[in-house]
Structures are given as structure tokens and as C-alpha cells.
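The numbering of the sequence shown is UniProt numbering, which starts it at 1 and goes up by one. Worksheet: one structure, shown below.
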Amino acid sequence: MSTENEDGSRAAAPGRDGRTPQAGQEPGVPGADRTAPLPAVPPPPPQSPPPVPPAAHAAAGPASGSDPYGPQSRPSPSAPSAPSVPPAWGTPQGHPSGHPAAPHPGAGAQPPYGPPPHAPGGDGSGGSGKPGKRRGGLVAAVLAAALVAGGIGGAIGFVAAERSGDGGSTTVSASTGGEAASRAPGSVAAVAAEALRSVVTIEASGGQESGTGTGFVYDKQGHIVTNNHVVAPAADGGELSVTFSDGRQYRAQIVGRAQGYDVAVIKLRGIGNDELKPLPLGNSDKAAVGDATIAIGAPFGLSSTVTTGIVSAKNRPVAAGGDGDSQASYMSAIQTDASINPGNSGGPLLDAKGNVIGINSAIQSTGGSDPYGGSSGGSIGLGFAIPINQADRVAQDLIKTGKPVYAVMGVLRNDSFNGKGAQISPQPVQGVDPVTPGGPADKAGLKPGDVITKLDDTVIDSGPTLVSQIWTYKPGDEVKVTYERSGRTATTTLTLGERVGDN
């Protein structure tokens, strides 16, 4: 029977932080067909596409071996109830499994780009080998387009160029004279341009591990908020390097880490307060399904990458990590279809106004069962972010004391339970009472074997869901608990206790 404390710690032995997740191989880049002819223009004969040089970032490491990151660095982590990592206690029925958005491997690893991509199909010349009628037809088509655009107030010019011996090509040029296009203040481009100045790429190294993730400026005192699993390699005397989008680079030190929340705060060294622009924090409680989202990060080491999507769901219970050596992390997440990949971890999820509503932390992937190894793949449109209201509270605790504070009920949960709900262990575990004497649950009348089915109005379908939901509260909050005992449903109210620090 797999049994853990309801607060995510293990009953048998204290947990410790695990090793750095290793990112998976970047999905292939399919070619796009840009050779569809304009009206009245037959297609050119098929030719072999010219190769495109590898991406510049591909020079980051050696090019040997089939796995660009070398051997997998750790076994599969434990899982949650809702989209989460395949757990030690099994994936609850009815929920797909998910993967944490692990940091991208640091310098020295082979880049995840695979073979160089090729240019789109066709030779792109637009010619057919028979100049004359073909070229005339193409020009006519462009002229027609120009006339239509002119009719609606547009101004489009065109240039016809001939190639000796193999036909011609016609291109259309904008008549703006090359000046930058106007961006509306509320556009994605405008929001991204403003936010990018405050988003950083974090490189962490220590021992045999290294990785790359993302963070953002939290305040003018030099604090950067990110994921715990991003900075974990540097936790025991390692190094942290932080790079801004304009190329400025600084060393940093860890202020505090919260393994259970998967939140960490680091502080920059040698930077003035006037050089920092904190990102504005939004209200994740007010985010609604369907709201626009913008994710910024360094997927596969590609810094300052911006993707967009919507809030796909809220209060999605997700668990990650906890492979036997490390404490699992739990979140009642914001789900988004904005593309999130390994390396996005710790980056901001913004609303349409540029306010932070979450910290991108995990993904569900169609890759293998190991979310940390080379088989995890990339985004399939299922990304998960820690709500900023929770992360903000955790960050403040870490800045003040260096330690996280967790709300607890004072019970051991039985994750081997196969029914609906979260069961309090029916018997002691290694001499530990399933209900802590004098604790919150004991005072509220809960007993070993009770099955918790609701916290306030939130349905609890598993042990990990229970933890994810408890941690959305603060110690001292009152919670209405619905539970089943001997086939009967009852309710009680308890005041949550607290635990300081990670086990």
C-alpha cells in the first residue's frame, strides 16, 4: 500500500530534491508546401529542395549518438490525479497522464534539433522552363491582385524579375518603404515587447547535472521567480546564470525553494534597482476559461520564445516528481493550449494585458512514460501553470524566511485506494497514526478510513487532488469537508494547520 501524508510528504522517510529533469528531443519540423500556383499558372516540375543550414543554437554541443541528451538521468516520477506524471500510486481512472515541463539541458548537451530541416517543397522559382506565356500569366495574376487591393484602399507594388534560360519570378513588395508596422497597444506584439524585458533565461549547474529554464523579474530588489526544478541542480553549491533578452548576464543565488509547490526565488548579483522592471501580477482567481494567454520562455534552449493560446481549464489537479527520492509537487493548475515545452519551466503565463496569471510548470505529452528523459516529446497543447495567487504567496514566504509554508489537515492518505475520493489510511503506517492526535482532522472528527469527497465546493477524486486543493488555502483557513464513512455521507468544518519547510 502506497501511503503518504496528506500534505505530500512521505510517511516512511523525509524526501529530498531529485536530479534535474532532462528535456526530450524536439519534435520534427515538417516541410510546408509553398509552391501552390497562382491562378492560370501550371506548377513547376518537381525538383530537390535546397538544404537549409542548421539552426545557430545547434552549435551548443557534440553531434554524436541517437539521444541528443545522453542517457536518461532519472526514473519516471510519481503521478497525480488529474493530468499529471504517471505516479507511484497509479494514474486515477478517467484522467490522462502528464509531464512536467522539465528544464532544457544546459551547455554541453547535443542540441535537440535533429537533422537540418529542408526548404519547402519545390524550387521556389515560380518558373516552368518555358518563359513567355507562363511568365505573362503570373504577372497577370499579380496585376489582378494589385487592382483588387487598390479598390479597397491598399497600395501594393510588384516587381517582375527574369532569369536567363529558366523562366521568371514575380514578387510583391509592400509600399511602406520599410518602416516598422504599427502595433496596437493591446496587441500580442506590444504585450510581448514589453514583457520580454522582464523575462530571463536561467542556466543552473552543479555536480553532474545542468539545465536551462525560465524566470521573470518579481521585484526591484533583484528577485526572480521560477520553478524549483529549474534551480535544483544548483541547490548544493552549484552555479546560477541569468540572461536577459538584451544579452545582459548576471550571477544569482538561491533565496528559497519550495519543492511541494515547485516554486523557487533567486536573487541577482551586481544589478541596480533602476535596471529592473518587474512584471505586473494579475489575479489568477479572476481568469476565465477562454481568456487569451501568452507564454514566454526558452523551449529547448530557444530564449525569448513567445506563444499564445487560451485558458483551457482551471483548477486542474496536477502532480509531478516524487520518484522515490524527491518530494512530489502538486498544483491546482491553470491549463492552457499555449505551446509549452522543456525549457519553458518557470516562465510567465500572461493574460491579454500582460499581467502574470501563472508560472508555466508542466506539460502532458504523448511521449514515453519518463517525463524527464529523451522520450517525453514536446507540446501537444496541454500545458499547466501554477496560479500566480498561490505562487505570489509562496514567493513572499521564501523571501522573508527562505522556507515554504504549507497548509495541512493532519492525516495520512491511502493512495492505493481505488474508489472515488481520497481515503484517510485505515491503519497506522510504520507506527504513525493516520489521523494526527490533536491535529485539524482529529479536532473535526475525521477518522481512519474516512473517504473525503469534497473540500468546500471542489470535488475530490483522489489523494493527489486532495493535496492540490489543500495547498490553495493558507494555514488558519476554515474548510468545509464532505466525507463518507460506512456508506454514509457527512460534513464537518476544520481549521487548517501548517507545516514549515520541505521534508
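Backbone N, C-alpha and C fix where the C-beta goes; we use that ideal spot for every residue, glycine too. None of these values were measured; they are calculated from a predicted model.
Every beta strand (DSSP E) stretch that sits fully inside the stretch 317-361 and reaches 3 residues is listed by chain position as 329-336, 348-350. Residue 263 counts as buried, since no fewer than 16 other beta carbons sit within 10 angstroms of its beta carbon. According to the DSSP secondary-structure assignment, residue 406 is paired through a beta bridge with 499. Under the 8 Å Cβ criterion, the stretch 214-226 counts as touching the stretch 254-273, having at least three qualifying pairs. Residue 384 sits close to residue 361, with the two beta carbons spaced by under 8 Å. Within the UniProt domain "PDZ" (418-487), the complete beta strand (DSSP E) runs of at least 3 residues fall at 422-424, 451-455, 478-485. For the set 228, 237, 249, the Cα lying nearest the Cα of residue 256 is the one of 228.
With at least 16 other beta carbons inside 10 angstroms of its own, residue 327 counts as buried. Approximately 39 Å separates the beta-carbon atoms of residue 276 and residue 409; this is outside 8 Å, ruling out the contact. In terms of Cβ geometry, residue 465 and residue 481 do not form a close pair [threshold 8 Å]. The shortest C-alpha to C-alpha distance from residue 446 to any of 472, 477, 484 is the one to 484.
Contact annotation: the stretch 414-432 touches the stretch 459-476, with at least three C-beta pairs closer than 8 Å. Shown here for residue 501: same chain residues with a beta carbon closer than 6 Å to its own, the five before and five after excluded, namely 403 in chain order. A residue is called buried once 16 or more other Cβ atoms fall within 10 Å of its Cβ, and residue 486, having fewer, is exposed. Nearest to residue 426 by alpha-carbon distance, out of 437, 350, 451, 407, is 451.
In the displayed model, residue 196 falls within a helix according to three-state DSSP. In this chain, the beta strand (DSSP E) harbouring residue 253 covers 249-258. For a cut-off of 8 Å, the C-beta gap from residue 389 to residue 315 is around 12 Å, too long to register as a contact. Inclusion of residue 309 and residue 214 in the CB contact set at 8 Å is not warranted, their separation being larger than that value. Rounded to whole angstroms, residue 199 and residue 455 show a C-alpha spacing of 36 Å.
With respect to residue 306, residue 290 sits apart: the two C-beta atoms are not nearer than 8 Å. By a beta-carbon distance limit of 8 Å, residue 279 contacts residue 356. Their separation comes to about 5 Å. Considering only 478, 350, 429, 185, the residue with the shortest C-alpha distance to residue 443 is 478. Burial check for residue 401: the Cβ neighbour count within 10 Å stays below 16, so the residue is exposed. In this structure, the straight-line span from the alpha carbon of residue 488 to that of residue 431 is close to 29 Å.
When only Cα atoms are considered, residue 293 and residue 459 end up about 26 Å apart. The DSSP-derived three-state label of residue 189 is helix.
Assignment of residue 387 by DSSP, reduced to helix, strand and coil, places it in the strand class.
Per DSSP, the unbroken beta strand (DSSP E) holding residue 414 starts and ends at 412-414. Each of 449, 358, 350 was checked against the Cα of residue 422, and the nearest Cα belongs to 449. DSSP places residue 217 within a strand segment (E or B) once states are collapsed to three. For residue 242, the enclosing beta strand (DSSP E) has its first and last residue at 239-244. About 5 Å separates the Cβ atoms of residue 391 and residue 359, confirming a contact at the 8 Å cut-off. For residue 195 and residue 209, the gap between their C-alpha atoms comes out near 30 Å. By the neighbour-count criterion, in which 16 or more other beta carbons inside 10 Å mark a residue as buried, residue 189 falls on the exposed side. In the displayed model, residue 304 falls within coil according to three-state DSSP, outside both helix and strand.
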